[in-house]
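Asker: For reference, the structure I am asking about is given below.
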Amino acid sequence: ALAYVVLPKAMEILIGFVPDGFGSLVTGAEYFDFIIKMLLVFGVAAEIPLVVVMLNRLGIVSAKQLASARPWTIIGIFVFAAIATPTTDPLTMLFLAAPMTILYLIAEVITKITDRRRGRAAIDEVDDDEASPLDRPPAV
Numbered sequence: 026a027l028a029y030v031v032l033p034k035a036m037e038i039l040i041g042f043v044p045d046g047f048g049s050l051v052t053g054a055e056y057f058d059f060i061i062k063m064l065l066v067f068g069v070a071a072e073i074p075l076v077v078v079m080l081n082r083l084g085i086v087s088a089k090q091l092a093s094a095r096p097w098t099i100i101g102i103f104v105f106a107a108i109a110t111p112t113t114d115p116l117t118m119l120f121l122a123a124p125m126t127i128l129y130l131i132a133e134v135i136t137k138i139t140d141r142r143r144g145r146a147a148i149d150e151v152d153d154d155e156a157s158p159l160d161r162p163p164a165v
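Below, the structure is given as structure tokens:
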């Protein structure tokens, strides 16, 4: 849905590159190709946080791993947005990168909640007459 908001502004910027007195020679096929690319990029960007949450549910990625990789992930999001947007303006890149970053941070919170629930379930599985495992203190 965000692509529908960004599309008019992106088209305005692209057509703004044409000097005054000249006509834009954008064909219908090029226009629809541009729209399809924008919708596809924004759609894929919206699915990435869902993949992160699914990987966490499967036990492949933990919330600690996501938190430690957060700075590099945000840089990666902005690089992806710069490459994936068909226009060269930073506004369209920001329109893609900002929601991706917010969705990633929401996915990180969801993984933190999932890890807590998984930890509580592991504690509940210990019998009353069984010693629970000790957590080792962090190495200094």
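Here this note's numbering = 1-based position in the sequence shown + 25. Quick reminder that beta carbons are idealized off the backbone N, C-alpha and C, glycines included.
1) State the CB to CB distance for the pair threonine 136 and leucine 91, rounded to an integer number of angstroms; the pair is presumed to be in contact (CB under 8 Å).
2) Hey, how far is the Cα of phenylalanine 57 from the Cα of isoleucine 73?
3) What is the rounded straight-line gap between the Cα of threonine 98 and the Cα of alanine 132?
4) Using the beta-carbon count (16 or more within 10 Å), is tyrosine 29 buried or exposed?
5) I'd like to know whether the C-beta atoms of valine 66 and threonine 126 end up nearer to each other than 9 Å.
6) Specify, as a first and last residue, the run of the alpha helix (DSSP H) that isoleucine 85 falls within.
7) Is the Cβ-Cβ distance between leucine 50 and threonine 112 less than 9 Å?
8) Would alanine 88 pass as a contact of asparagine 81 if the rule is Cβ separation under 9 Å?
9) Just reading off the alpha helix (DSSP H) that proline 96 is part of, what are its end residues?
Answerer: To lay it out plainly:
1) 6 Å
2) 25 Å
3) 13 Å
4) exposed
5) no
6) No alpha helix (DSSP H) holds isoleucine 85; DSSP gives it neither H nor E.
7) no
8) yes
9) 95 to 109
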